[in-house]
Ligand SMILES: C[S@@+](CC[C@H](N)C(=O)[O-])C[C@H]1O[C@@H](n2cnc3c(N)ncnc32)[C@H](O)[C@@H]1O
């Protein structure tokens with residue numbers, strides 16, 4: 003299992019020290035967004051809402067059909083469904099979707115359609131008014147062919163007048179300079195009074211635009227017992243110009259290219275490196 007997960011991480015992006023620990027009997031290795039991360043995901047988000055407010059405004063009052071790619075535990079999906087929209091929420095992590103489903107009452111279950119699939123390869127009967135690739139989820143499309151496959155799938159699923167919104171953050175200069183690697187430590191309160199100590203290793207590979215993101219998590223339970231697990235992961239940081247080309251290549255026209263949710267142009271000095279792109283199919 004450990005070997006299989008490690009194989010999915012591009013060469014050199016699984017911290018060598020973490021790999022040694024992963025061989026110990028009591029240290030499990032988990033792919034990103036599986037059980038250990040899913041259970042703590044909402045605690046990590048700390049009530050982040052700005053994007054949700056933006057999507058609700060964009061959709062308006064009339065009930066529409068939305069597809070959220072990488073919908074996770076429903077941070078965006080659920081408020082949109084509560085506002086009356088039908089939301090297909092696609093994710094390749096069953097455990098993220100388990101957390102999502104645990105939050106839905108009978109009424110919401112009718113408007114939330116979970117789809118367990120990779121965002122590079124899905125085929126649904128519905129066509130959508132809006133497809134959302136929010137909160138840096140584009141970073142998980144590590145290879146050029148993944149990005150092309152995903153955007154082509156989106157194009158095939160949009161209604162003629164539908165919109166595709168992608169929301170990402172540009173990496174900070176300090177992230178890009180972190181070519182030797184560094185460790186960060188944090189403590190988090192999780193469900194069931196568990197305290198999670200997290201040692202995060204990050205390292206940026208400038209040539210491949212890939213950031214290693216490996217976690218060593220130590221969960222201390224209320225009875226004093228501890229569990230250890232390692233999560234090797236990686237993110238790809240596309241450039242703004244690359245996003246423009248990718249959308250053009252997949253048959254989209256960019257409607258707005260903004261530096262925040264208020265619609266400020268991306269290039270404006272007042273913006274901080276967020277990128278919110280709205281695109282629609284060409285020839286519409
Ligand atoms: C940063 S989380 C975002 C979750 C949610 N959209 C939010 O804003 O809180 C990224 C989500 O994308 C999912 N994901 C990552 N790679 C994926 C892929 N290739 N196909 C489908 N889902 C993927 C993860 O399981 C995770 O739930």
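Residue numbers (the working numbering): 3 to 286.
We put the CB at the ideal spot given by N, CA and C, even for glycine.
Residue 260 is bridged by DSSP to 267 and 278. Fewer than three Cβ pairs drawn from the segment 132 to 141 and the segment 104 to 111 lie within less than 8 Å of each other, which leaves the two stretches out of contact. When beta bridges are read from the DSSP output, residue 68 appears opposite 89 and 132. Judged by pairs of C-beta atoms under 8 Å, the segment 237 to 244 touches the segment 206 to 214, as three or more such pairs exist. Between the beta-carbon of residue 167 and that of residue 278 there is about 7 Å, and that keeps the pair under the 8 Å contact cut.
Residue 282 and residue 249 have their alpha carbons spaced roughly 9 Å apart.
If you look at residue 56, you'll find it in the alpha helix (DSSP H) that goes 52 to 61.
Excluding the 5 residues flanking it on each side, residue 261 has same chain C-beta neighbours closer than 8 Å at 267, 268, 269, 270, 272, 273, 274, 275, 276, 277 and 278, in chain order. If the five residues before and after residue 126 are omitted, its C-beta is found closer than 7 Å to the C-beta atoms of 90, 117 and 159, all from its own chain and listed in chain order.
Counting along the chain, residue 33 sits inside no alpha helix (DSSP H), nor does DSSP assign it H or E at all.
Taking the Cβ atoms as the reference, residue 196 lies roughly 28 Å from residue 183, outside the contact range of under 8 Å. Remark: the shortest separation between the CB of residue 46 and any heavy atom of ligand 1 does not fall under 7 Å. Assignment of beta-bridge partners to residue 168 by DSSP yields 135 and 279.
If you ignore the 5 residues before and after residue 254, its C-beta comes within less than 6 Å of the C-beta of 281, all in its own chain and listed in chain order.
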